[in-house]
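**Student:**
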Amino acid sequence: MSTLNSVMSANATFVRPQFFYINGFSGIPHAQYYYVFLCFVYAVTVLANAFILFIIYIEQSLHTPKYMAVFNLAVVDMCGSTALIPKMIETFVFDSQFITYEACIANMFFVHFFFFLESLTLVVLAYDRFVAICFPLKYHIVITNSQMAVILAVVWFLTSGLVITCVGFITTLSFCKTIVIDSYFCDHGPMYRMACNNNFPSYIMAKIAITVLLFAPLVLILLSYVCIIFALLKIASGEQRLKAMKTCTSHLLLVTVFYLPISATYIAAIMSTLHPNTRIISTSLSSTIPPMLNPIIYTIKTEEIMTAIKKRYKRNKTITATNYK
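In the numbering used here, the protein residues as written are 2 to 326.
The structure is reproduced here in structure tokens:
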């Protein structure tokens with residue numbers, strides 16, 4: 002009987018609220034204009050990434066392992082922005098800051114899933130450049146379309162497994178203190194810190210996920226470029242060295258745009274206490290700006306894509322001129 006009473010008492014203290022309240026900015030006047038700006042960012046993100054997807058799909062010359070990874074990055078960017086920005090607009094511009102428990106859990110999963118998936122996709126692109134420059138004669142043996150498909154599938158599986166585990170531990174938490182989330186979406190960190198029961202498993206999983214899906218990829222990318230630099234130094238011709246390095250320019254820009262802001266935010270949070278508004282601005286920009294810039298960078302800085310666009314434009318111009326005749 003005493004065991005039954007203790008179980009009932011434990012169940013009575015476990016609180017799973019029907020709703021959460023997403024706080025967003027606190028004390029900033031006209032904050033809604035920031036979210037309107039993000040609406041513009043979202044529109045550009047969708048259009049630019051859709052354009053990249055279209056070019057890669059219709060241009061046979063781009064059906065290569067490298068552009069399979071670029072195609073994957075564009076899909077991830079579109080999905081990630083769609084998981085985050087429209088909900089932010091609805092929440093803060095239209096004053097709909099209450100979100101159901103189930104919708105909050107889903108929002109947490111998809112935002113984190115696509116964010117970390119972008120990180121691992123950049124590693125895949127770094128691996129492609131590493132093999133292409135360090136082992137050029139073996140490139141077409143080591144990296145094929147089927148092998149790239151397997152690599153991308155593993156990346157999706159690994160990311161989903163870790164994020165599902167993180168979200169799964171959130172569902173074991175009791176929220177009896179507050180239902181106010183000090184973030185701009187159902188953020189994993191602020192949510193597990195709200196719990197009034199043991200949140201240590203969530204704390205450990207957060208550290209594992211950040212290490213495996215964010216900082217370890219950055220270390221791998223940096224190591225790959227150290228190897229690339231050594232390989233380039235062995236090339237006698239300066240012209241060949243420059244040509245090889247140009248193939249890495251777009252990827253290096255993507256890595257800088259993605260990792261620099263988020264790494265700076267994490268380092269600042271470790272070294273000092275960040276104001277919630279500062280954290281919201283920095284993390285929201287680092288989550289939304291890279292997906293907008295990625296397709297623009299790849300379009301402008303990648304010779305193969307520019308060539309494909311010019312070929313398509315000339316072909317359409319020729320067809321139009323023929324029809325008019």
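A virtual CB, placed ideally from N, CA and C, is assigned to each residue, including glycine.
1) Give me the Cα-Cα distance between residue 243 and residue 302, rounded to the nearest whole angstrom.
2) Can residue 63 and residue 305 be called in contact, C-beta distance under 9 Å?
3) Would residue 43 and residue 83 be called neighbours here (beta carbons separated by less than 9 Å)?
4) List, from N- to C-terminal side, the beta strand (DSSP E) runs of 3 residues or more that fit wholly inside the segment 41-92.
5) Excluding the 5 residues flanking residue 228 on each side, which residues of the same chain have their C-beta closer than 8 Å to its C-beta?
6) Excluding five sequence neighbours on each side, which residues of the same chain lie with their C-beta closer than 7 Å to the C-beta of residue 144?
7) Let me know the secondary structure DSSP gives residue 211 once reduced to three states.
8) In its own chain, which residues sit with a C-beta less than 8 Å from the C-beta of residue 270, not counting the 5 before and 5 after it?
9) Determine the direct distance from the alpha carbon of residue 245 to that of residue 34, and round the result to whole angstroms.
10) Taking 9 Å as the cut-off, decide whether the C-beta atoms of residue 1 and residue 123 are in contact.
11) From this set, 257, 80 and 110, which residue's C-alpha is nearest residue 48's C-alpha?
12) Jot down the residue ranges of each uninterrupted alpha helix (DSSP H) in the segment 199-286, minimum 4 residues, whole runs only, in chain order.
13) Check whether the segment 175-192 and the segment 11-29 touch, using three or more Cβ-Cβ pairs below 8 Å as the test.
14) Please indicate yes or no: does the CB of residue 25 lie closer than 8 Å to some heavy atom of the ligand MG?
15) Does residue 26 come out as helix, strand or coil in the three-state DSSP assignment?
16) Would you please state the rounded distance, in angstroms, between the beta carbons of residue 296 and residue 73? I believe it to be under 8 Å.
17) Assuming residue 165 is part of the beta strand (DSSP E), what are its boundary residues?
18) Suppose the cutoff is 8 Å on Cβ atoms and the five residues either side in sequence are ignored; what does the same chain contact list for residue 3 look like?
19) Which residues in the same chain as residue 309 place their Cβ atom closer than 7 Å to its Cβ, once the five residues preceding and following it in sequence are excluded?
20) Classify residue 252: buried if its beta carbon has 16 or more other beta carbons within 10 angstroms, exposed otherwise.
21) Does the segment 108-121 come within contact of the segment 199-207, defined as at least 3 CB pairs closer than 8 Å?
22) Using 10 angstroms around the beta-carbon of residue 167, count the other beta-carbons present and answer buried if the total reaches 16, otherwise exposed.
23) Where residue 155 and residue 41 are concerned, what is the direct C-alpha to C-alpha distance, given to the nearest angstrom?
24) Could you give the residue range of the beta strand (DSSP E) that holds residue 101?
25) I think residue 111 touches residue 160, with their Cβ atoms under 8 Å apart; what is that distance to the nearest whole Å?
26) Within the same chain, show all residues whose beta-carbon is closer than 8 Å to that of residue 91, passing over the 5 residues directly before and after it, in chain order.
27) Consult DSSP for residue 186 and reduce its assignment to one of helix, strand or coil.
**Tutor:** Let me spell this out:
1) 14 Å
2) yes
3) yes
4) none
5) 131 and 135
6) 66, 129 and 132
7) helix
8) 280
9) 43 Å
10) Because the chain in this structure spans residues 2 to 326, residue 1 falls outside the shown range and cannot be described.
11) 80
12) 201-211, 217-234 and 239-272
13) yes
14) Although the ligand MG was asked about, the structure shown includes no ligands whatsoever.
15) coil
16) Actually they are not in contact, since the Cβ atoms of residue 296 and residue 73 sit about 13 Å apart, beyond 8 Å.
17) From DSSP, residue 165 is part of no beta strand (DSSP E) but of the alpha helix (DSSP H) over 146-171.
18) A caution first: residue 3 carries a pLDDT of 39, below 50, which makes its placement in the model unreliable, though a value can still be read off. Same-chain partners within the cutoff: there are none.
19) 56, 60, 62 and 63
20) buried
21) no
22) buried
23) 33 Å
24) 99-101
25) Not confirmed; about 12 Å, so no contact.
26) 97
27) coil
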